[in-house]
Amino acid sequence: MPLTEQTKQDWSPRIVAFFCNWCTYTASDLAGVSRLRYAPSTRVIRVMCSGRIDPEFVIEAFTQGADGVLIGGCHPGDCHYSEGNYKCLRRYHLLQRVIAQMGIDQRRLRLEWISASEGKRLQEVVNEMTETLRQLGPSTIREVVQTVIK
Amino acid sequence: MAQDKPKLKLAVYWGAACGGCCVSVLDVHEKLLDILAHADLVFWPIALDIKYKDVEEMPDGSIDITLFNGAVRNSENEHMAHVLRQKSKILIAYGSCAYLGGIPGLANFSTREELLRRVYEESESLDNPQKIHPQPSTEVSEGHLHIPSFYNDVLTLGQVVDVDYYIPGCPPQSERLVEVFMDIVSGKDLPPKGSVIGASIRVQCDECKRKKSDKKGITRFYRPWEVTDDGETCLNEQGILCMGPATRAGCGVRCVEGNAPCRGCYGPLDGIGDAGARILSAIASMLDGKEPEEISRATDSIVDPAGTFYRFSLPGSKLRRKVS
Chain A
0 MPLTEQTKQD WSPRIVAFFC NWCTYTASDL AGVSRLRYAP STRVIRVMCS GRIDPEFVIE
60 AFTQGADGVL IGGCHPGDCH YSEGNYKCLR RYHLLQRVIA QMGIDQRRLR LEWISASEGK
120 RLQEVVNEMT ETLRQLGPST IREVVQTVIK
Chain B
0 MAQDKPKLKL AVYWGAACGG CCVSVLDVHE KLLDILAHAD LVFWPIALDI KYKDVEEMPD
60 GSIDITLFNG AVRNSENEHM AHVLRQKSKI LIAYGSCAYL GGIPGLANFS TREELLRRVY
120 EESESLDNPQ KIHPQPSTEV SEGHLHIPSF YNDVLTLGQV VDVDYYIPGC PPQSERLVEV
180 FMDIVSGKDL PPKGSVIGAS IRVQCDECKR KKSDKKGITR FYRPWEVTDD GETCLNEQGI
240 LCMGPATRAG CGVRCVEGNA PCRGCYGPLD GIGDAGARIL SAIASMLDGK EPEEISRATD
300 SIVDPAGTFY RFSLPGSKLR RKVS
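Keeping their order, the protein sequence lines are chains A and B. Using numbering that gives the first Met the number 0, you'd call the opening residue of the first sequence number 0 and step up by one each time. Using numbering that gives the first Met the number 0, you'd call the opening residue of the second sequence number 0 and step up by one each time.
Rendered as structure tokens:
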């Protein structure tokens, strides 16, 4: 559906953010207590480890209407469970290829390593991704999934 | 032969299917005689000349069991799904296509326009200079002709009508069908509505006899013809993409027993919403490499990942189809 200038202005991106308990979620806490201002576009879901993020969660988020999905985990080598973020990275690479084949813009899914001390980085990433999604426009995935064309 | 109770009425129907499911019913071999001792086949287009209007005239609920195989991809499939639902006490989605969309469901990677253009305008063996596409209705001198209309989206049976049970497989193992049928005949307690029956609740790897190690460490995948299978090690560990780790057992691991990788036709285990995502997860977690470049090399060696992971389940998956 082509967006009019008006709906483009009224709409703001919704990002489902899966943040790992030990690094990125703590970073978002830090961003909060540091009073860093960033786009109010994320709906954060805390998971114990980025390795816990099943590709199904990401697909579910898109089918439920997310404009973007942001995954945040510990830097390589810093995983609280030693290897979880590598598992996440492997799934992410494969999932990027699959969503592209499914007709989903790859910029709608982003993975970032943000440590507990990087509140500033979190601010940047959320702002950047919000801007990218604003350029891409609203996701039509939910509409397509819910509308059967016979 | 004297019958102490009336015979069950059995119907088998095909939607968008290859015919393999109907053949799998025949593949019960001499057990078919056991089935026929307890049941009359009242409708089976591949074997019996019974017209749609005969089925439409049957009283509602008069068929005891209908095995519906094939996906729903046109108006004829959908019409018969509704008719058979109304006429049947137990409607079973039989085979991968009726269950999750199956191979015909891969058409959901394309739109109707793309498919029709490919087939009626671009196909190499085509002679259609006027680029004529089939129309649902046409006027000819003899009168008005109809053919079913072709849908944009391939649907599973469960997306069109209420389904009682699902029997997975491409095609389902014939032995499992006999077991299910005999359970129904002998009046055993049936599982809750909506269950997957005639299959295991475990995963293929649990039944696979190949040697498996905990550390898979796959650095890249190969097409089956690029490597020589040693015949005993887990196929994934040899770099041959096998869907076993996230596929329901019940077939007897037949493909792997025949030294071919599992393609995932038995679908996901209970509680899994998206079969393809689960296979993706299982395969990705077996990869080796910590650097993005190494990982990309491994993931890029999988040709057509979406088509491979969703080979039998695209219409039944969360996304249902290519979204743009």
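For each residue, glycine too, the CB sits at the ideal point set by N, CA and C.
**Q.** Distance between Phe108/B and Met0/A (C-alpha atoms, nearest Å)
**A.** Any answer about Met0/A is weak, because its pLDDT of 47 lies below 50 and its placement is not dependable; what the coordinates show is given next. Between the alpha carbons of Met0/A and Phe108/B lies a distance of about 20 Å.
Q: Taking Met57/B as the reference, give the member of Cys261/B, Leu9/B, Gly100/B, Gly14/B with the closest Cα.
A: Nearest C-alpha to Met57/B: Leu9/B.
Q | Segment contact flag, the stretch 189 to 209 of chain B with the stretch 246 to 261 of chain B, C-beta cutoff 8 Å, min 3 pairs | A | With a cut-off of 8 Å, the stretch 246 to 261 of chain B and the stretch 189 to 209 of chain B count as touching, because enough Cβ pairs lie within range.
Q) Do you know how far the Cα of Leu234/B is from the Cα of Leu240/B? A) Near 7 Å, if we compare the C-alpha coordinates of Leu234/B and Leu240/B.
Q) When we look at the beta-carbon of Ile58/A and count the other beta-carbons within 10 Å, is it buried (16 or more) or exposed? A) Ile58/A should be labelled buried.
Q) Can you name the start and end residues of the alpha helix (DSSP H) that Tyr91/A belongs to? A) Looking at the DSSP string, the run of the alpha helix (DSSP H) that includes Tyr91/A is 83 to 100.
Q | Sheet register partners of Ser87/B (DSSP bridge) | A | Note: Ser87/B sits in a beta bridge opposite Ile62/B.
Q.
Taking only three categories from DSSP, how would you classify Trp21/A?
A. In the three-state scheme derived from DSSP, where H, G and I count as helix and E and B as strand, Trp21/A is classed as coil.
Q.
Suppose you measure from the CA of Ser138/A to the CA of Arg107/A; what does that come to, to the nearest Å?
A. In a straight line, the C-alpha of Ser138/A is about 9 Å away from that of Arg107/A.
Q. Counting Cβ pairs closer than 8 Å, one from the stretch 150 to 157 of chain B and one from the stretch 99 to 106 of chain B, do we hit at least three?
A. A contact exists between the stretch 150 to 157 of chain B and the stretch 99 to 106 of chain B.
Q | Three CB pairs or more closer than 8 Å across the stretch 169 to 184 of chain B and the stretch 217 to 227 of chain B | A | Contact between the stretch 169 to 184 of chain B and the stretch 217 to 227 of chain B is absent, because fewer than three Cβ pairs lie under 8 Å.
Q: For Val162/B, count neighbouring Cβ atoms within 10 angstroms of its own Cβ and tell me buried if that reaches 16, exposed if not.
A: Burial call: buried.
Q) Between which two residues does the beta strand (DSSP E) carrying Thr137/B extend? A) Per DSSP, Thr137/B belongs to the beta strand (DSSP E) from 136 to 139.
(Q) Give me the chain B residues within the contact set of Ile103/A, using Cβ-Cβ distance strictly less than 7 Å, ordered along the chain. (A) Residues of chain B whose Cβ lies closer than 7 Å to the Cβ of Ile103/A are, in chain order, Val322.
Q) Roughly how many angstroms separate the alpha carbons of Ala70/B and Leu144/B, rounded to a whole number? A) Spanning the alpha carbons of Ala70/B and Leu144/B requires a straight line of approximately 25 Å.
Q. For Tyr150/B and chain A, any beta-carbon pair shorter than 7 Å?
A. True, the Cβ-Cβ gap to chain A drops below 7 Å.
Q) What first and last residue would you give for the beta strand (DSSP E) that runs through His79/A? A) In this chain, His79/A is not harboured by any beta strand (DSSP E), its DSSP state being neither H nor E.
Q | Candidates Gly83/A, Arg109/A, Glu82/A, of which the one nearest His92/A by Cα | A | Ranking the options by Cα distance to His92/A, first place goes to Arg109/A.
Q) Does the Cβ of Phe17/A lie closer than 6 Å to at least one heavy atom of the ligand COA? A) Ligands displayed in this structure: none; no statement on the ligand COA is therefore possible.
Q) If Leu83/B sits next to Tyr165/B, beta carbons under 8 Å apart, how far is it from one beta carbon to the other, in whole angstroms? A) Not confirmed; about 15 Å, so no contact.
Q: Thinking Arg310/B and Gly257/B are a contact (beta carbons under 8 Å), I'd like their distance in whole angstroms, please.
A: Contact doesn't hold; Cβ gap of about 18 Å is too wide.
(Q) With distance defined between alpha-carbon atoms, name the residue in Cys73/A, Ser116/A, Gln100/A nearest to Leu88/A. (A) Checked all of Cys73/A, Ser116/A, Gln100/A; the closest Cα to Leu88/A is Cys73/A.
**Q.** Residues within the stretch 129 to 155 of chain B neighbouring chain A, beta-carbon criterion of under 8 Å
**A.** Taking 8 Å as the upper bound on Cβ-Cβ separation, chain A lies near residues Ser148, Tyr150, Asn151, Asp152, Leu154 of the stretch 129 to 155 of chain B.
Q. Any C-beta of chain A sitting closer than 7 Å to the C-beta of Lys317/B?
A. Interface residue (Cβ-Cβ distance to chain A less than 7 Å): Lys317/B is classified as such.
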